[in-house]
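Data block below; observations after.
In my numbering, the protein residues as written are 7 to 258.
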């Protein structure tokens, strides 16, 4: 089996969880993903299968597009809704045009410091492990590109925006930096990846949809065998049972 499977990652799973469960469903260990999504995030997670894994290092660098929700007034340790509040600041009386001017200043090339709660390694140790011990270490800022940044909904303290950016951009950190630039504090409350390189959310499939397609194939195995090659009820049934097992484990 070779190619790409474009998943719509559900809330609550890590990218590693998705890869591990996809390996069990598809019966192969040769699966890799293009770009990590945090458990809080949903959306496009392209999986490379078989020979396609050789392309991951080239496709991973493609630009990404996200829809994000930020809330003004508080910063958290993790920069998202899951972390402990570490700072509070008043929400300024801003108009949308004022906020858009601040957002516009973030478009272009800039330096961004990776958050402590991230998989970036220092001395071989992921930062999140140090953060969980209450430690904070100096991190080197990395160069990123913000290609587009636009507000789509504005109802303080909540701002919804879309951003197109380079690989390695932390949208959580962007929310915090935007909040400070607006004269307040902020953290991210929701994130959805709309596009990763050439792969869009319109290309993606959810687990329930995948299961429905497999059921249809199982019920019409003779038709698919005649028109598309060897498709057996037994092989489709095995995949259906694997999906049912994952659902019982909370993987759906």
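Every residue gets a Cβ at the ideal spot worked out from N, C-alpha and C, and that includes glycine.
The structure presented is a predicted model; accordingly, all values stated were derived computationally and were not measured.
Residue 128 counts as exposed, since fewer than 16 other C-beta atoms from the protein chains shown sit within 10 angstroms of its C-beta. A distance of 8 Å or more separates the beta carbons of residue 48 and residue 86.
In this structure, residue 24 and residue 51 form a Cβ contact; the two beta carbons are roughly 6 Å apart against a cut-off of 8 Å. A Cβ-Cβ contact shorter than 8 Å links residue 152 with residue 113.
Proximity of the stretch 131-138 to the stretch 101-110 falls short of the contact definition, fewer than three beta-carbon pairs being nearer than 8 Å. Beta-bridge partners of residue 112 (DSSP): none assigned. If you draw a straight line from the Cα of residue 201 to the Cα of residue 143, it comes to about 32 Å. A direct Cα-to-Cα measurement between residue 44 and residue 88 gives close to 11 Å. Under the Cβ criterion (8 Å, minimum of three pairs), the stretch 63-83 counts as touching the stretch 159-174. With 16 or more neighbouring CB atoms inside 10 Å of its own CB, residue 27 falls in the buried class. Residue state for residue 78 is assigned as strand, using DSSP reduced to three classes.
Beta-bridge partners of residue 18 (DSSP): none assigned. Around the beta carbon of residue 57, fewer than 16 other beta carbons lie within 10 angstroms, which makes this residue exposed. In this chain, the alpha helix (DSSP H) harbouring residue 183 covers 177-187.
Residue pairing by DSSP places residue 72 opposite 169, 199 in a beta bridge. When C-beta atoms of the stretch 155-164 are compared with those of the stretch 53-68, fewer than three pairs fall below 8 Å, so the two segments do not count as touching. The three-state secondary structure of residue 54, taken from DSSP, is strand. It is roughly 14 Å from the alpha-carbon of residue 82 to the alpha-carbon of residue 177.
Selection 146, 46, 98, 175 evaluated against residue 185 yields 98 as nearest (Cα-Cα).
In terms of Cβ geometry, residue 17 and residue 53 do not form a close pair [threshold 8 Å]. A direct Cα-to-Cα measurement between residue 90 and residue 139 gives close to 14 Å.
Taking the Cβ atoms as the reference, residue 118 lies roughly 6 Å from residue 147, within the contact range of under 8 Å. With fewer than 16 other Cβ atoms inside 10 Å of its own Cβ, residue 141 counts as exposed.
Counting the other Cβ atoms within 10 Å of the Cβ of residue 84 gives 16 or more, which makes it buried.
The C-alpha of residue 208 is placed about 24 Å away from the C-alpha of residue 60.
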